[in-house]
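A.B. asks: Residue numbers (the numbering used here), protein chains in the order written: chain A, 1 to 226; chain B, 227 to 452.
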DNA sequence: ACCTGAACACCGTTCAAGT
DNA sequence: ACCTGAACACCGTTCAAGT
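Listed below in structure tokens is the structure:
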């Protein structure tokens, strides 16, 4: 059997490599098999190329992972300015960011420890901080809540991933110990409220707590009495 | 030159390996050189032993890293029950936990993605949840704030580490871009408030916001008016 | 310009063997 | 019981060479 006929004579039998195509394939590999086993050689094989060909487009594995991280940032949905009240826009952006932990559980950690490696992060920060300004926050207060929200959404993403899947190379433990009422009675009592299908509601709860604090801080003059 | 004389005839020229000694040396290696370059072979060399000797005490690298993580958990300071009001005890425990990101920046991430691999974590959770119960929180509400605090302290630890040190294998970027007022004016405006020596104050601010929400939720009946 | 082949200096882990 | 030596199947990255 001949291989698939090419549309035009002389066309290459596969699309030439580009930075985008490589980063896209890398994210697909990480989503499918995990960051632990991701390697330049495996990625090359998946692209039908020797690993060394990738070095023509990226200086190394680190910069390639940074490009993968940028693809994640591209998936954060930001509502158009003016389409919603500023704090609601901000809230939805935070929800969208945390959703990356659900859609890309294996890759999400790249955001956590590589986000300051690239300029792309500052584009997102600029948009977020614009929302703070639109909501009337001065820089010192914006900086504090910006950071607090960032801590929360990154921590939530990582924790939800950790709750959903134990590491493959973990110390083997018996899960039933954790619901052992004798040994960990408090843990046993809250465990039913921490089931995986409750994690969305818990995230929303925590996010609301922070937004309520923001609303109070933004409008201290409106408090009843003094 | 002869090697150091041993205290007793027939005593081994180095202390025999134990799980504790290995885990301690592993943490020291990670603190000194980073998790990226940490390897069984390097650890063996640091202990004056072949890497394969470590497999007599640990089933593999994963379980060894779990033991290192447990050592970090051991450093969390929990005030004796009754020595402080429950919420103040809880607050100090959170501060102590986040401080691990400062004392062990290279190892802290083990807590983030390996903490559910071992039973030791549930000892700490039991203590934390006891504080919630002592403060009068019912399980559903305790679960929500327990999780919210966890998100926040883990996210804060990771973010503070990322802010303090760029990854060694990062895409090279020019740092001055980030304070470019033309390109990222909002980022430039808040940047002075996000300097490394302000991170402690920002952490305290965010923690206070969450604790204020907890105090309101714990005592809804005490609100003036209705 | 883009990719390959061979090589270098590493990994984690297994197995059989030593003491 | 505790450790070693050799081996296996991998890594990321370099370099010179091919087209």
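We treat Cβ as the ideally placed atom computed from N, Cα and C, and that holds for glycine.
#1: Note down, in chain order, every chain A residue with its Cβ under 7 angstroms from the Cβ of residue 352 of chain B.
#2: Taking all protein chains shown into account, decide if residue 432 of chain B is buried (16 or more other Cβ within 10 angstroms of its Cβ) or exposed.
#3: Identify each residue in the region 84-105 of chain A for which the Cβ-Cβ distance to at least one residue of chain B is less than 7 angstroms, and report them in chain order.
#4: Would the region 264-273 of chain B and the region 311-322 of chain B be scored as touching if the rule is three or more Cβ pairs under 8 angstroms?
#5: Give the straight-line distance between the Cα atoms of residue 141 of chain A and residue 214 of chain A, rounded to the nearest whole angstrom.
#6: Out of curiosity, what's the CA-to-CA distance linking residue 442 of chain B and residue 290 of chain B?
#7: When the distance is taken between beta carbons, is residue 158 of chain A closer than 8 angstroms to residue 190 of chain A?
#8: Check this for me: beta carbons of residue 200 of chain A and residue 106 of chain A, under 8 angstroms apart or not?
#9: Could you tell me the distance, in whole angstroms, from the CA atom of residue 152 of chain A to the CA atom of residue 145 of chain A?
#10: How many angstroms separate the CA atom of residue 171 of chain A from the CA atom of residue 342 of chain B?
#11: Which same chain residues, not among the five before or five after residue 19 of chain A, have their C-beta less than 6 angstroms away from its C-beta?
#12: Looking at the C-beta of residue 55 of chain A, does it have a partner C-beta in chain B at a distance below 8 angstroms?
#13: Quick check: is the beta carbon of residue 200 of chain A nearer than 8 angstroms to any beta carbon in chain B?
#14: Rounded to a whole number of angstroms, what is the C-alpha to C-alpha distance between residue 253 of chain B and residue 135 of chain A?
#15: In chain A, which residues lie less than 9 angstroms from residue 336 of chain B when you measure between Cβ atoms?
#16: At which residues does the alpha helix (DSSP H) containing residue 61 of chain A begin and terminate?
#17: Closest Cβ-Cβ distance between residue 432 of chain B and chain A: below 8 angstroms?
#18: Under the rule that 16 or more other beta-carbon atoms within 10 Å means buried, what is residue 114 of chain A, buried or exposed?
#19: Buried or exposed: where does residue 103 of chain A fall if 16 or more other Cβ atoms within 10 Å of its Cβ makes it buried?
#20: Is the beta carbon of residue 305 of chain B sitting closer than 8 angstroms to the one on residue 315 of chain B?
#21: Starting from residue 212 of chain A, find everything on chain B with Cβ-Cβ shorter than 8 angstroms and list it in chain order.
#22: Take the Cβ of residue 52 of chain A as the centre, count every other Cβ of all protein chains shown within 10 Å, and call the residue buried at 16 or more, exposed below.
#23: Quick one: Cα of residue 299 of chain B to Cα of residue 285 of chain B, how far?
#24: Smallest Cα separation from residue 292 of chain B: which of B:265, B:358, B:249 and B:351?
#25: Does any residue of chain A bring its CB to less than 8 angstroms from the CB of residue 389 of chain B?
#26: Just curious, the alpha helix (DSSP H) that residue 332 of chain B is in, first and last residue?
C.D. replies: The relevant details are as follows:
#1: 184, 186 and 187
#2: buried
#3: none
#4: no
#5: 9 angstroms
#6: 43 angstroms
#7: no
#8: no
#9: 10 angstroms
#10: 10 angstroms
#11: 57
#12: Chain B, which has no Cβ nearer than 8 angstroms to the Cβ of residue 55 of chain A, makes this no.
#13: no
#14: Distance between the alpha carbons of residue 253 of chain B and residue 135 of chain A is about 45 angstroms.
#15: What residue 336 of chain B touches in chain A: nothing, since even the nearest Cβ is about 10 angstroms away.
#16: 61-74
#17: yes
#18: buried
#19: exposed
#20: yes
#21: 439
#22: Classification of residue 52 of chain A: exposed, given that the 10 Å Cβ count is below 16.
#23: Their Cα atoms are separated by approximately 21 angstroms.
#24: B:249
#25: For residue 389 of chain B, the answer is yes, since a Cβ of chain A falls inside 8 angstroms of its Cβ.
#26: Neither: residue 332 of chain B is in no alpha helix (DSSP H) and is coded neither H nor E.
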